[in-house]
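The numbering of the sequence shown is the UniProt record's numbering, which starts it at 1 and goes up by one.
Take a look at the structure set out below.
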Amino acid sequence: MAKHFAKIIVYGAQSVGRAFVKAVRQEIEASRVAAQQHRTNRLSKAKCHDLAVKGMTLHEAQQILNVKDLNNLDEIRGNYEHLFRVNEKAAGGSFYIQSKVFRAKERIDRELQDKLEAALNETQSVTPPPTPPAPSPAKAAAVEAEAATKATKATKATKATKATTKANRV
Numbered sequence: 001m002a003k004h005f006a007k008i009i010v011y012g013a014q015s016v017g018r019a020f021v022k023a024v025r026q027e028i029e030a031s032r033v034a035a036q037q038h039r040t041n042r043l044s045k046a047k048c049h050d051l052a053v054k055g056m057t058l059h060e061a062q063q064i065l066n067v068k069d070l071n072n073l074d075e076i077r078g079n080y081e082h083l084f085r086v087n088e089k090a091a092g093g094s095f096y097i098q099s100k101v102f103r104a105k106e107r108i109d110r111e112l113q114d115k116l117e118a119a120l121n122e123t124q125s126v127t128p129p130p131t132p133p134a135p136s137p138a139k140a141a142a143v144e145a146e147a148a149t150k151a152t153k154a155t156k157a158t159k160a161t162k163a164t165t166k167a168n169r170v
């Protein structure tokens, strides 16, 4: 009887040991997958940036403020003010919901700011290079005088050539 009891204990310990080893291996694998996912999210700027502002996605912020179009600033502002006022503690509202409304507005504002910065960067890269500054009046006068001198010399040379040509014909 003691022999059977010892076998039961040994088999039980072996099965518990195998289950424990299997659970540890699964936990290690899950940890590796989570670390890989974290690295992927960190490297992917868009996904990481989406959660960067108070841990709220843009889609979640739009749902909280009941906004479909981010270009309609009046609707965003109106919905925010209404929801913020309704959820004030003095009016019997919930501070938690009020803070969610505030974070949603903050998230949408951040998205709009990023779009504005991207548009500015795009326009700055498209604009032509600046034109060189106009020369000073003294420099402009000197350039004009030099051009006039060259024109006078050219005129004199042309007259001399004509006179030579006429003399050769006679």
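Note that beta-carbon positions come from the ideal geometry of N, C-alpha and C, so glycine has one too.
Residue environment analysis places K105 among the buried positions, since at least 16 neighbouring C-beta atoms fall within 10 angstroms of its C-beta.
Where E81 is concerned, the enclosing alpha helix (DSSP H) starts and stops at 73 to 86.
R39 has its alpha-carbon roughly 28 Å from the corresponding atom of N121.
A direct Cα-Cα distance of roughly 54 Å separates E81 from K22. Counting along the chain, the unbroken alpha helix (DSSP H) around A61 starts and ends at 58 to 65. Here K7 is exposed: its Cβ has fewer than 16 other Cβ atoms, across all protein chains shown, within 10 Å. Cβ neighbours of L70 within its own chain (closer than 7 Å, five residues either side excluded): I108, E111, L112. Of the other Cβ atoms in all chains shown, 16 or more fall within 10 Å of the Cβ of K100; this residue is therefore buried. A direct Cα-Cα distance of roughly 40 Å separates N79 from V33.
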